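Numbering (the numbering used here), first residue to last: 467 to 603. Step one of this worksheet: look at the structure below.
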Amino acid sequence: MKKVLILLALAYFIVIGIFIFDKNRERKLKNDFESKLNLREEIIEKIRNNEIEVDENGNAVITEEYHGISDNDYVHIFICNNEETVIAFLYKSGFPDESQYIVYSSNDDKLIKKHVDKSLYSYIEKIENNWYFVQYN
């Protein structure tokens, strides 16, 4: 009986720990998203207006003025035209390829699913209108 109680207590603490860790992750993501939203929107407008050069791989290097809006100092443009826009900002790089992105979609997550290969991401979570958290595999 004593072993069962110990196992139950251990399970309880593990569940509480996971809950606290997840809430902490959500808080950090929300803070990052809200504090850098205006700068990310500026970058999107500059890309739409062809003020920022996009290379043949769909990447746009961002200047020091926008340092920190993407973990790797560039953004990835999946598509950007008058009808559709999907632009990804690296939130947290993972190893080897479990990265997390904050993604702008001019429509809903269906547009992300249309332009991002399903084998690349594990899930998409809405942050707010037009903005999504995307966990890569």
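We put the CB at the ideal spot given by N, CA and C, even for glycine. These numbers were taken from a predicted model, which means no experiment stands behind them.
Continuous beta strand (DSSP E) stretch holding residue i: start and end
i	result
K558	T551 to K558
Beta bridge counterpart(s) of residue i as assigned by DSSP
i	result
D526	Per the sequence shown, the amino acid found at residue 526 is Ala instead of Asp. Partner(s): V541.
K592	Y598
Residue from the options whose Cα sits closest to the Cα of residue i
i	options	result
Y571	I480, K580 and E564	With the sequence shown as reference, residue 571 is identified as Ser, and Tyr is not the correct amino acid for it. The residue with the shortest Cα to Cα distance from S571 is K580.
E549	N573, I528 and G534	N573
F555	I543, E564 and I482	I543
L586	I593, S565, N595 and L577	S565
R514	I593, Y532 and I545	I545
V569	N603, V552, K469 and N595	V552
E531	E594, N523 and R506	R506
Y602	I593, K468, K592 and S559	S559
Y524	H533, L503 and N547	The question names Tyr, but residue 524 is Gly in the sequence shown. The shortest C-alpha separation from G524 is found at N547.
H533	K502, E517, E519 and I518	K502
C-beta atoms of residue i and residue j nearer than 8 Å
i	j	result
V527	D537	no
I535	I510	no
I593	D575	no
Residue range of the unbroken alpha helix (DSSP H) whose run includes residue i
i	result
I568	It is not in any alpha helix (DSSP H) - I568 instead sits in the beta strand (DSSP E) that spans Q566 to S571.
H533	Segment: none, H533 is in no alpha helix (DSSP H) and carries neither H nor E.
D626	Because residue 626 is not part of the residues shown, which for the chain are 467 to 603, the question remains open.
Residue i burial status per 10 Å Cβ neighbour count (16 or more: buried)
i	result
Y598	buried
L473	exposed
Y557	buried
I578	buried
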